[in-house]
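Written below as structure tokens is the structure these notes are about.
There are 2 protein chains.
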Amino acid sequence: MTKSDIAASFKELQGYICRRLNEVDKSAEFLSDDWKRNQGGGGITRAVSGGEFIEKGGVAFSEVFGPVTESMAKQLKLDGVEFFATGVSIVLHSKSPLHPIIHMNVRYFEMDNGTYWFGGGIDLTPIYIDKLKAKKFHLGLKNLCDGYDLDMYLKYKKWADDYFYLPHRNETRGVGGIFFDHLSKSEKMTKNQVFEFCIALGKLFPELYSAQLSTNNNDKVNEATLQWQMLRRSRYVEFNLLHDRGTKFGIYSGGRTESILMSMPPVAQWSYNFKPEETSNEANTLALLKKDIDWLK
Amino acid sequence: MTKSDIAASFKELQGYICRRLNEVDKSAEFLSDDWKRNQGGGGITRAVSGGEFIEKGGVAFSEVFGPVTESMAKQLKLDGVEFFATGVSIVLHSKSPLHPIIHMNVRYFEMDNGTYWFGGGIDLTPIYIDKLKAKKFHLGLKNLCDGYDLDMYLKYKKWADDYFYLPHRNETRGVGGIFFDHLSKSEKMTKNQVFEFCIALGKLFPELYSAQLSTNNNDKVNEATLQWQMLRRSRYVEFNLLHDRGTKFGIYSGGRTESILMSMPPVAQWSYNFKPEETSNEANTLALLKKDIDWLK
């Protein structure tokens, strides 16, 4: 399996995910922007907007290569001259405050000295946490992981708790998910199986998202829930611009800004020192934005 | 002049600026939050909202001291054991898209080994650039600087152009202003004069802001200008969270989050790959978001 095979599979995965999402949300519009990178490679950005469920987001594919730049060498601690990187990245901002923000990424990195690794992750950011829906999400991930390595789910779930975390707010971004990096192969998985795991995670994405949607509780959408959604979206902005390694690396290394910042919400709101009322639904959600919660219970 | 004298003057400056701003905008509400820092010192945050002109913002004073932490030593390249820092920071988000976002900061830093320096800056971010108003702003700054050192305005104006810049957008944040750092004294200025310059800049702030306001063009506020304002505000968010050294240092070193992120706009909007129509007012403003423009012409 060459790097070109992997990139081709990731490109197919992008197409598959867009088709499945469009079946789930028939009124969503999927633009397609092809772009080239001056130093080598490029990508296809599918910006999504105006759906019944998806207000704004995107499904991005990229395949870039060329000389290792100074900022890459420094930030990624790379040992080599030429790199190759390909991946699929998704962020979807749901229209309804009863539906979550969701993110997924799978990526492959290879150096000319022969080293390679896969990385990826998925995490769910409900505006209001519903424990049953969080359980459904984590159960889907556990079932996927268990098909490859029984130790994987807990290890990668913990990694996600640590990664999708806002230290300046002492809050997790949401109910977490899984996160992994620098995975080339393991005692239990060949390179091919790691690759298959990434593809399987990508194919599971539309199912995990659609399982979070519901159509019969529009009565709970009101000014207060919409305002809470706007405040939670500003936390998402803070995480991505202050802490997310992928976003920061992309921006500082001269990546395509519009593809990287496709992850930004349609609208976000900041309010000085906002505190929800005690025992409100908003306060209940805040209390669950903690690491190390066992959502499978 | 001791560090305590300087802190006391900065605290008075905060009060003066709030009073003057409240004369300009009588309906604006100024909250007052006192906070303590565990390792030493604290501050007073005056969050502003709900004005006729000012939609959201703040005027913050802080006086913090204690052992130099690891992240301070690394990011500020500090040589010493104990530090003392005090300053006043302002960001105001105007309600009308015809009025600008404005920022100012003056600060003083002292180490136990005897080294000290002042820093500061002010910059203007109009939603629509009006060259006459930009000229008025820069003329006010030039007049101030010229009272101390005839070389200062051009030097600090260039520094502001370089600092208030979004490389990932290839845009300046607005029409710039002045920026300076590590200023202890110079051939032309004693420590006392540098301090006076900082205070004078602070006192000039309310006048510079009120000169940008106008009350008789509400007819130009419509859906299109309000949307452009929301998009420009998202650029402000991007600058502050991705590039602003003060914000990043504050957040990563465990500063008071609500005081640091007081700079965030009330609401911001992101739209994938938004391009204003050619020759529109929006496109004309974009074309002026460049370094090295002589606004005094």
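Residue numbers (our numbering), protein chains in the order written: chain A, 1 to 297; chain B, 1 to 297. Cβ atoms here follow ideal geometry from the backbone N, Cα and C, with glycine treated the same way. As the structure is a computational prediction, the values presented were derived from the model and not from experiment.
Residue from B:H103, B:F137, B:K291, B:L286 whose Cα sits closest to the Cα of N240 of chain B: What you label residue 240 of chain B is simply residue 240 of the second sequence in a count that begins at 1. The option with the nearest alpha carbon to N240 of chain B is B:H103.
- request: Under 7 Å between beta-carbons, which chain A residues line up against I251 of chain B? List them in chain order, please.
  value: What you label residue 251 of chain B is simply residue 251 of the second sequence in a count that begins at 1. Within chain A, the residues near I251 of chain B are H168, L242.
message: At the level of alpha carbons, what is the spacing between S316 of chain B and D79 of chain A?
response: The structure shown has nothing for residue 316 of chain B, since chain B only spans 1 to 297.
- prompt: Quick one: what does DSSP say I251 of chain B is sitting in, helix, strand or coil?
  reply: Counting from 1 along the second sequence, the entry for residue 251 of chain B is found at position 251. Reduced to three states, the DSSP call for I251 of chain B is helix.
field: Three-state class that DSSP yields for A28 of chain A in the structure shown
entry: By one-based count along the first sequence, residue 28 of chain A stands at place 28. Reduced to three states, the DSSP call for A28 of chain A is coil.
- request: Say whether the region 19-30 of chain A touches the region 251-259 of chain B, bearing in mind that this needs 3 or more beta-carbon pairs closer than 8 Å, one atom from each stretch.
  value: no
query: Below 7 Å between beta carbons: does that hold for A7 of chain B and E82 of chain B?
result: Indexing the second sequence from 1 puts residue 7 of chain B at position 7. Indexing the second sequence from 1 puts residue 82 of chain B at position 82. No. Outside cutoff.
query: E238 of chain B versus chain A: which residues are under 7 Å apart at the beta carbon?
result: Residue numbering aside, residue 238 of chain B sits at position 238 when the second sequence is read from its first letter. L241, listed in chain order.
- prompt: What do you get for T86 of chain A, buried or exposed, if any count of 16 or more other CB atoms within 10 angstroms of its CB means buried?
  reply: Numbered from 1 along the first sequence, position 86 holds the residue referred to as residue 86 of chain A. Buried is the call here.
task: Please check if any C-beta of chain A sits within less than 7 Å of the C-beta of T257 of chain B.
output: Locating residue 257 of chain B in the second sequence gives position 257, counting from the first residue. So, interface residue.
- request: Using three-state DSSP, classify G66 of chain B as helix, strand or coil.
  value: Taking the second sequence and counting its residues from 1, one reaches residue 66 of chain B at position 66. If DSSP states are grouped into helix, strand and coil, G66 of chain B belongs with the strands.
Alpha helix (DSSP H) runs wholly inside the region 191-233 of chain B, at least 4 long, in chain order: 191-210
task: Quick one: using the 10 Å Cβ neighbour count with 16 as the cut-off for buried, is E207 of chain A buried or exposed?
output: Here residue 207 of chain A refers to the residue found at position 207 when the first sequence is read from its first residue. With fewer than 16 Cβ atoms within 10 Å of its Cβ, E207 of chain A is classed as exposed.
task: Take the Cβ of R19 of chain B as the centre, count every other Cβ of all protein chains shown within 10 Å, and call the residue buried at 16 or more, exposed below.
output: Within the second sequence, the letter at position 19 stands for residue 19 of chain B. Answer is exposed; the Cβ neighbour count stays below 16.
- prompt: Rounded to a whole number of angstroms, what is the C-alpha to C-alpha distance between H138 of chain B and L289 of chain B?
  reply: Walking along the second sequence from the start, residue 138 of chain B turns up at place 138. Walking along the second sequence from the start, residue 289 of chain B turns up at place 289. Distance between the alpha carbons of H138 of chain B and L289 of chain B: 15 Å.
- request: Just grab the DSSP bridge partners of L92 of chain A for me.
  value: Taking the first residue of the first sequence as position 1, residue 92 of chain A is located at position 92. L92 of chain A pairs with A:G57, A:I102.
field: Chain-ordered neighbours of P266 of chain A on chain B, where CB pairs are closer than 8 Å
entry: The sequence position of residue 266 of chain A within the first sequence is 266, counting from 1. Neighbours of P266 of chain A on chain B, chain order: Q269, W270, S271.
task: Mind reading off the beta-carbon distance from G126 of chain A to V221 of chain A? Whole number of angstroms is fine, and I expect it under 8 Å.
output: Sequence index remark: in the first sequence, residue 126 of chain A carries index 126 (1-based). Sequence index remark: in the first sequence, residue 221 of chain A carries index 221 (1-based). Before going on, a small fix: residue 126 of chain A reads as Pro here, not Gly. In fact, because the Cβ distance is near 14 Å, the residues do not count as touching under 8 Å.
field: Beta-carbon gap between F205 of chain A and G121 of chain A smaller than 7 Å
entry: For the purposes of this step, residue 205 of chain A is taken as residue 205 along the first sequence, with counting starting at 1. For the purposes of this step, residue 121 of chain A is taken as residue 121 along the first sequence, with counting starting at 1. Cβ atoms of F205 of chain A and G121 of chain A: not closer than 7 Å.
message: Relative to the C-alpha of H232 of chain A, which candidate in A:I293, A:K95, A:E29 has its C-alpha closest?
response: Here the question's residue 232 of chain A lines up with position 232 in the first sequence. His is not the amino acid found at residue 232 of chain A; the sequence shown has Arg there. Measuring from the Cα of R232 of chain A, the nearest candidate turns out to be A:K95.
query: beta strand (DSSP E) containing S49 of chain A: first to last residue?
result: The sequence position of residue 49 of chain A within the first sequence is 49, counting from 1. Segment 41-49, the beta strand (DSSP E) holding S49 of chain A.
query: Counting along the chain, where does the beta strand (DSSP E) carrying H182 of chain B start and finish?
result: Within the second sequence, numbered from 1, the residue matching residue 182 of chain B stands at position 182. Run containing H182 of chain B: 176-183, per the beta strand (DSSP E) assignment.
- request: Would you kindly check if the distance between the Cβ of K3 of chain A and the Cβ of F84 of chain A is under 7 Å?
  value: Position 84 of the first sequence holds residue 84 of chain A. Position 3 of the first sequence holds residue 3 of chain A. Yes, they are a contact pair.
message: Strictly under 7 Å for the Cβ-Cβ distance: is A47 of chain B near chain A by that measure?
response: Numbered from 1 along the second sequence, position 47 holds the residue referred to as residue 47 of chain B. By this cut-off, A47 of chain B is an interface position.
- request: Note down, in chain order, each residue of its chain lying with its Cβ closer than 6 Å to the Cβ of A283 of chain B, except the 5 sequence neighbours on either side.
  value: Residue 283 of chain B sits at position 283 when you count from the first residue of the second sequence. Closer than 6 Å at Cβ, skipping near neighbours: P276.
- request: Ignore the nearest five residues each way along the sequence and tell me which others in Y165 of chain B's own chain have a CB closer than 6 Å to its CB.
  value: Reading the second sequence from its first residue, position 165 is the one you call residue 165 of chain B. Closer than 6 Å at Cβ, skipping near neighbours: T172.
query: When burial is assigned at 16 or more other CB atoms within 10 Å of the CB, is M1 of chain B buried or exposed?
result: For the purposes of this step, residue 1 of chain B is identified with residue 1 of the second sequence, where counting begins at 1. M1 of chain B should be labelled exposed.
- prompt: Given a threshold of 16 other Cβ atoms within 10 Å of its Cβ, counted over all protein chains shown, does H298 of chain A qualify as buried or as exposed?
  reply: The requested residue 298 of chain A does not occur in the structure, where chain A is confined to residues 1 to 297.
- prompt: Does the beta-carbon of L150 of chain A have 16 or more other beta-carbons within 10 angstroms, so that it is buried, or is it exposed?
  reply: The residue labelled residue 150 of chain A in the question sits at position 150 within the first sequence. Exposed.
query: Where DSSP assigns a beta bridge to Y165 of chain A, which residues make up the other side?
result: Here residue 165 of chain A refers to the residue found at position 165 of the first sequence. In DSSP, Y165 of chain A forms a bridge with A:T172.
task: Note down, in chain order, each residue of its chain lying with its Cβ closer than 6 Å to the Cβ of Y108 of chain A, except the 5 sequence neighbours on either side.
output: By one-based count along the first sequence, residue 108 of chain A stands at place 108. Excluding residues within five positions, the ones whose Cβ falls inside 6 Å are I6, T86, F118.
- request: Go ahead and pull the three-state DSSP assignment for K36 of chain A.
  value: Indexing the first sequence from 1 puts residue 36 of chain A at position 36. Strand, per DSSP.
Continuous alpha helix (DSSP H) assignments of at least 4 residues falling wholly in the region 94-161 of chain A: 131-146
message: Can you list, in chain order, the residues of its chain with a C-beta nearer than 7 Å to that of T225 of chain A? Leave out the 5 residues immediately preceding and following it.
response: Counting from one through the first sequence, the residue named residue 225 of chain A turns up at place 225. The answer, listed in chain order, is P97.
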